Amino acid sequence: MGYIVSALRQMGWDFQLHHRFSTEELMQQCRVETQHQALLGRLLQILAEVGTLTDAGDRQWQVGQVPAVEDPLELWRSLHNHYPAHHAELDLLGRCGQSLAEVLQGHCDPLQILFPNGSFALVEQLYQHSPAAQAMNQLVQQAIATALENLPTDRTIRILELGAGTGGTTASVLPHLPNQQTDYVFTDISPLFLAKAQQKFGDYPFVRYQILDVEQPQQALFQHFDLILAANVLHATADLRQSLTHVQQMLAPGGWLVLLEGVQPQRWLDLIFGLTEGWWKFRDNDLRPLHPLLRQAQWRNLLQEQFAAVDVITAVEDETIAQQAMILAQSPDATAGTSATDPGNWLIFADRTGVGQQLASQLQEQGDRCTVVYAASSDQGLQEEALPINPEQPEAFQRLFQRVTTAPTYRGVIYLWGLESATTDMTLDALEAASRLTAEAPLHLLKALETAAIAPPMPLWLVTRGAQAVTPDQPLAIAQSMLWGLGRVLAVEQPLHWGGLIDLDPETSVVQAATDLVQTLRAGSAAEPLAVRQGQWYAARWCVRRSRHNLHHPTSGDRRIAI
Numbered sequence: 023m024g025y026i027v028s029a030l031r032q033m034g035w036d037f038q039l040h041h042r043f044s045t046e047e048l049m050q051q052c053r054v055e056t057q058h059q060a061l062l063g064r065l066l067q068i069l070a071e072v073g074t075l076t077d078a079g080d081r082q083w084q085v086g087q088v089p090a091v092e093d094p095l096e097l098w099r100s101l102h103n104h105y106p107a108h109h110a111e112l113d114l115l116g117r118c119g120q121s122l123a124e125v126l127q128g129h130c131d132p133l134q135i136l137f138p139n140g141s142f143a144l145v146e147q148l149y150q151h152s153p154a155a156q157a158m159n160q161l162v163q164q165a166i167a168t169a170l171e172n173l174p175t176d177r178t179i180r181i182l183e184l185g186a187g188t189g190g191t192t193a194s195v196l197p198h199l200p201n202q203q204t205d206y207v208f209t210d211i212s213p214l215f216l217a218k219a220q221q222k223f224g225d226y227p228f229v230r231y232q233i234l235d236v237e238q239p240q241q242a243l244f245q246h247f248d249l250i251l252a253a254n255v256l257h258a259t260a261d262l263r264q265s266l267t268h269v270q271q272m273l274a275p276g277g278w279l280v281l282l283e284g285v286q287p288q289r290w291l292d293l294i295f296g297l298t299e300g301w302w303k304f305r306d307n308d309l310r311p312l313h314p315l316l317r318q319a320q321w322r323n324l325l326q327e328q329f330a331a332v333d334v335i336t337a338v339e340d341e342t343i344a345q346q347a348m349i350l351a352q353s354p355d356a357t358a359g360t361s362a363t364d365p366g367n368w369l370i371f372a373d374r375t376g377v378g379q380q381l382a383s384q385l386q387e388q389g390d391r392c393t394v395v396y397a398a399s400s401d402q403g404l405q406e407e408a409l410p411i412n413p414e415q416p417e418a419f420q421r422l423f424q425r426v427t428t429a430p431t432y433r434g435v436i437y438l439w440g441l442e443s444a445t446t447d448m449t450l451d452a453l454e455a456a457s458r459l460t461a462e463a464p465l466h467l468l469k470a471l472e473t474a475a476i477a478p479p480m481p482l483w484l485v486t487r488g489a490q491a492v493t494p495d496q497p498l499a500i501a502q503s504m505l506w507g508l509g510r511v512l513a514v515e516q517p518l519h520w521g522g523l524i525d526l527d528p529e530t531s532v533v534q535a536a537t538d539l540v541q542t543l544r545a546g547s548a549a550e551p552l553a554v555r556q557g558q559w560y561a562a563r564w565c566v567r568r569s570r571h572n573l574h575h576p577t578s579g580d581r582r583i584a585i
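Quick note on numbering: our numbering labels position 338 of the sequence shown as 360, and the sequence is numbered without any gaps.
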């Protein structure tokens with residue numbers, strides 16, 4: 023309070039007992055800049071909370087008691103001596119409090135106070151080394167570790183940090199992430215913060231640095247993250263509901279949002295960050311009529327509008343006195359409430375051997391809706407249920423997804439074009455011709471799928487027939503094996519778009535092959551590569567097999583080895 027009273031007196035304000043005035047009158051008399059109107063209103067509210075003023079409503083105030091003349095510097099020194107562990111908070115508070123009058127009148131840039139000569143040291147100390155920051159960052163570290171335990175260990179973990187700033191929270195998280203399994207995207211709206219972070223976290227090769235404004239809708243680059251971390255950033259946006267919508271769109275189904283937020287107004291924070299325009303940026307007055315920080319119950323209610331599970335955790339047992347909280351929210355799972363047997367929409371890239379058409383017929387008989395796509399030299403004359411597109415033109419796939427994204431959510435994409443390459447011919451010409459449907463076209467398809475940024479993501483199944491050797495004497499459709507190589511890579515690098523690999527029995531009829539495929543899809547087990555033979559499902563496993571031919575070598579004498 024001493025800094026507020028001192029600043030008002032510096033600007034020429036005289037506290038007269040019972041004097042009544044408006045915020046506008048005070049601004050005019052003290053020559054307060056219009057941009058600091060919200061800050062001044064908060065300062066007057068603080069004086070009302072301690073009894074110096076009485077809030078008469080409608081931006082009217084009355085002096086309830088005349089404050090004593092005190093030197094805030096003396097109190098600051100006393101606090102600094104008694105609480106040395108809190109020097110980060112006190113150093114910033116002292117700098118900002120002493121400059122409060124100059125900031126209100128527009129004579130001083132608050133960013134120069136927070137970042138003198140471009141130095142991040144003061145703010146970095148606050149967010150990384152202060153006792154409160156260390157306690158909350160420890161909670162975040164533990165929460166992230168717990169969330170990652172439930173993710174598959176054989177794929178990359180995608181983590182996005184919003185408004186990472188000086189990297190105070192980042193520094194507590196990165197050392198505990200697996201180097202070879204993590205893709206960590208450090209973002210901020212300021213290129214300066216990104217440049218500083220690249221220097222600070224240069225020892226972590228799995229970190230990427232990108233400009234991102236959470237208040238704007240994001241493109242495919244910022245989608246399908248397993249975990250999004252936002253430490254003390256969302257309150258600085260104009261519309262929390264809109265910002266959370268953008269965050270939810272960037273999460274993978276079932277992904278986690280980890281927030282650090284102040285959960286009640288704190289005077290010392292208002293005297294530091296309240297000097298900046300961003301602190302008062304909020305325009306969602308139904309949620310935040312006077313102050314940017316929401317209370318715990320407000321956060322819980324707000325997040326429950328868009329997220330499936332919400333939890334609020336504080337570092338102290340008594341939540342009523344907690345000033346900061348870690349808030350966890352889980353994005354709805356795309357499969358939640360949906361059974362594998364429920365009707366759905368399928369996009370089928372059908373072969374000309376008949377399996378794709380038979381698959382569509384069987385799915386439609388069970389209540390599903392199917393869009394069938396054939397490989398053709400032209401994509402003219404598109405029809406609603408059967409679409410011919412050119413497999414060699416990436417833009418044809420782009421146009422396809424522009425059409426299908428207007429339809430209801432698809433259960434998945436089933437790629438059967440490779441079945442047209444069922445030959446065992448291993449000539450170069452045959453393999454090159456087959457690669458158009460087993461390598462090039464699937465890559466065009468995946469690229470279009472990523473660009474379309476469909477939410478929730480559409481899983482992709484790659485289907486072959488006779489491409490895997492389940493029995494030793496079975497001839498292989500070598501040309502289709504390229505799809506298996508591609509599929510194993512996609513399963514690791516694009517898990518959110520991955521459905522599975524299915525190898526159908528080459529000895530069965532078209533009808534039976536389609537039936538086997540429907541049963542595999544309905545079983546929901548196709549995420550693991552499977553082969554179907556005579557109605558049985560086989561999965562790849564390491565095993566010891568005795569050779570059919572014994573190896574004989576002489577125990578003595580000369581031996582010739584050809585290399």
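We treat Cβ as the ideally placed atom computed from N, Cα and C, and that holds for glycine. The model shown is predicted, which means the values in this text are computed figures rather than measured ones.
Taking C-beta to C-beta, are Val207 and Leu182 nearer than 7 Å? Taking the sequence shown and counting its residues from 1, the one referred to as residue 207 is at position 185. Taking the sequence shown and counting its residues from 1, the one referred to as residue 182 is at position 160. It is a contact, given that the beta carbons lie within the stated cut-off.
Kindly identify the DSSP beta-bridge partner or partners of Leu523. Taking the first residue of the sequence shown as position 1, residue 523 is located at position 501. In DSSP, Leu523 forms a bridge with Leu484.
As assigned by DSSP and simplified to three states, the class of Asp451: Within the sequence shown, numbered from 1, the residue matching residue 451 stands at position 429. Of the three classes helix, strand and coil, the one that applies to Asp451 here is helix, per DSSP.
Report the three-state DSSP secondary structure of Phe244 (helix, strand or coil). The residue labelled residue 244 in the question sits at position 222 within the sequence shown. Phe244: helix per DSSP, three-state reduction.
Looking only at C-alpha atoms, which of Ala397, Ala491, Tyr432 and Gln424 sits nearest to Glu462? Numbered from 1 along the sequence shown, position 440 holds the residue referred to as residue 462. If we check each option's Cα against that of Glu462, Ala397 comes out closest.
What are the complete beta strand (DSSP E) segments, minimum 3 residues, inside the region 246–274? 247–253
Own chain, CB closer than 7 Å to Asp261, minus 5 neighbours either side, in chain order: What you label residue 261 is simply residue 239 of the sequence shown in a count that begins at 1. Excluding positions up to five away in sequence, the list reads Arg305 and Asp306.
Please work out which residues of its chain come closer than 7 Å, Cβ to Cβ, to Ala548, disregarding the five sequence neighbours upstream and downstream, and give them in chain order. Taking the first residue of the sequence shown as position 1, residue 548 is located at position 526. Unreliable placement is indicated for Ala548, whose pLDDT of 49 sits below 50; the coordinate value is still reported in the next sentence. Closer than 7 Å at Cβ, skipping near neighbours: Trp483, Gly521, Gly522, Ile524 and Thr542.
Suppose the cutoff is 8 Å on Cβ atoms and the five residues either side in sequence are ignored; what does the same chain contact list for Ile623 look like? Examination of residue 623 is not possible in this model, given that the chain is present from 23 through 585 alone.
What separation, rounded to the nearest whole angstrom, lies between the Cα atoms of Trp98 and Thr473? For this step, residue 98 is matched to residue 76 along the sequence shown. For this step, residue 473 is matched to residue 451 along the sequence shown. Distance between the alpha carbons of Trp98 and Thr473 is about 55 Å.
May I ask you to list the residues that DSSP assigns as paired with Cys392? By one-based count along the sequence shown, residue 392 stands at place 370. Answer is Trp368, bridged to Cys392.
Can you check which of these residues, Asn201, Gln120 and Trp301, is closest to Val229 by C-alpha distance? Here residue 229 is taken as the residue at index 207 of the sequence shown, counted from 1. The shortest C-alpha separation from Val229 is found at Asn201.
Helix, strand or coil at Ile33 according to DSSP, with G and I counted as helix: Your numbering for residue 33 matches position 11 in the sequence shown. Note that residue 33 is Met in the sequence shown, not Ile. Coil, per DSSP.
Measuring CB to CB, does Asp205 end up less than 7 Å from Thr168? One-based indexing of the sequence shown puts residue 205 at position 183. One-based indexing of the sequence shown puts residue 168 at position 146. Going by C-beta atoms, Asp205 is not nearer than 7 Å to Thr168.
By Cβ distance below 6 Å, which residues in the same chain neighbour Thr375 in space, the five residues on each side in sequence not counted? Here residue 375 refers to the residue found at position 353 when the sequence shown is read from its first residue. The beta carbon of Thr375 sits closer than 6 Å to those of Leu441, all from its chain and outside the five residues before and after it, given in chain order.
Below 8 Å on the Cβ atoms is my contact criterion, and I expect Gln32 with Ala90 to pass it. Report the Cβ-Cβ distance as a whole number of Å. Within the sequence shown, numbered from 1, the residue matching residue 32 stands at position 10. Within the sequence shown, numbered from 1, the residue matching residue 90 stands at position 68. Wrong, their Cβ atoms sit about 16 Å apart, outside the cutoff.
Val511 (DSSP reduced to helix, strand or coil): Residue numbering aside, residue 511 sits at position 489 when the sequence shown is read from its first letter. Reduced to three states, the DSSP call for Val511 is helix.
Can you tell me where the alpha helix (DSSP H) holding Val88 begins and where it ends? Indexing the sequence shown from 1 puts residue 88 at position 66. Unbroken run through Val88: none, as it is neither H nor E.
Could you work out which residue in Gly187, Leu450, Leu216 and Ala382 is closest to Leu539 when comparing CA atoms only? Your numbering for residue 539 matches position 517 in the sequence shown. When each option's Cα is compared against that of Leu539, the closest is Ala382.
Can you tell me which of the three DSSP states Val492 falls into? Working through the sequence shown from its first residue, we reach residue 492 at position 470. If DSSP states are grouped into helix, strand and coil, Val492 belongs with coil.
Roughly how many angstroms lie between the CA atoms of Arg510 and Pro517, to the nearest whole one? The residue given as residue 510 occupies position 488 in the sequence shown. The residue given as residue 517 occupies position 495 in the sequence shown. Their backbone Cα atoms lie some 10 Å apart in a straight line.
Boundaries of the beta strand (DSSP E) in which Ser44 is found, first to last residue: Taking the first residue of the sequence shown as position 1, residue 44 is located at position 22. Unbroken beta strand (DSSP E) run through Ser44: Arg42 to Ser44.
According to DSSP, simplified to helix, strand and coil, what is Asp333? Residue numbering aside, residue 333 sits at position 311 when the sequence shown is read from its first letter. The answer is strand: DSSP assigns Asp333 an E or B state.
Please list the terminal residues of the continuous alpha helix (DSSP H) segment that includes Ala70. To locate residue 70, count along the sequence shown from 1; it is residue 48. Residues Gln59 to Glu71.
Can you tell me the Cα-Cα spacing of Met23 and Leu234, whole angstroms? Counting from 1 along the sequence shown, the entry for residue 23 is found at position 1. Counting from 1 along the sequence shown, the entry for residue 234 is found at position 212. Between Met23 and Leu234, the alpha-carbon positions lie close to 37 Å from each other.
Taking the alpha carbon of Leu112 as the point to measure from, which residue in Gly128, Pro174, Ala545 and Ser152 has its own alpha carbon closest? Translated into the one-based positions of the sequence shown, residue 112 becomes position 90. Closest in C-alpha terms to Leu112, from the list Gly128, Pro174, Ala545 and Ser152, comes Ser152.
So the candidates are Gly190, Ala258, Phe247 and Leu48; which of them puts its Cα closest to the Cα of Pro275? In the sequence shown, residue 275 corresponds to position 253, counting from 1. The residue with the shortest Cα to Cα distance from Pro275 is Phe247.
Can you give me the start and stop residues for the beta strand (DSSP E) that Leu385 sits inside? In the sequence shown, the residue the question calls residue 385 occupies position 363. Taken as a continuous stretch (DSSP letters only), Leu385 belongs to no beta strand (DSSP E), being part of the alpha helix (DSSP H) at Val377 to Glu387.
If you drop the 5 nearest sequence neighbours on each side, which residues of the same chain put their C-beta closer than 8 Å to that of Leu498? Locating residue 498 in the sequence shown gives position 476, where the first residue counts as 1. Only residues of its own chain outside the window of five on either side were considered, and among them Thr446, Gly488, Ala489, Gln490 and Ala491 have a CB closer than 8 Å to the CB of Leu498, listed in chain order.
Which of the three DSSP states, helix, strand or coil, is assigned to Met348? As a position in the sequence shown, residue 348 is number 326, starting the count at 1. Strand, per DSSP.
Backbone CA spacing between Phe37 and Leu75 [nearest angstrom]: Within the sequence shown, numbered from 1, the residue matching residue 37 stands at position 15. Within the sequence shown, numbered from 1, the residue matching residue 75 stands at position 53. One alpha carbon belongs to Phe37, the other to Leu75, and they sit about 10 Å apart.
Taking Gln286 as part of the beta strand (DSSP E), name the residues at either end of that continuous run. Position 264 of the sequence shown, counted from the start, is the residue given in the question as residue 286. Here Gln286 belongs to no beta strand (DSSP E), and DSSP marks it neither H nor E.
Could you tell me the alpha carbon to alpha carbon distance between Glu71 and Leu468, rounded to whole angstroms? As a working mapping, residue 71 is identified with position 49 in the sequence shown. As a working mapping, residue 468 is identified with position 446 in the sequence shown. Using only the alpha carbons, I get a separation of about 59 Å.
Residue range of the alpha helix (DSSP H) that Val236 falls in? The count along the sequence shown starts at 1 and reaches residue 236 at position 214. Unbroken run through Val236: none, as it is neither H nor E.
Going along the chain, which residues of its own chain have a beta-carbon closer than 8 Å to the beta-carbon of Leu309, five neighbours each way excluded? Along the sequence shown, read from residue 1 onward, the residue named residue 309 stands at position 287. Excluding the 5 residues flanking it on each side, Leu309 has same chain C-beta neighbours closer than 8 Å at Leu262, Arg263, Leu316, Gln320 and Leu324, in chain order.
Would you check if there are 3 or more beta carbon pairs closer than 8 Å linking the region 100–110 to the region 283–300? Under the 8 Å Cβ criterion, the region 100–110 does not count as touching the region 283–300, having fewer than three qualifying pairs.
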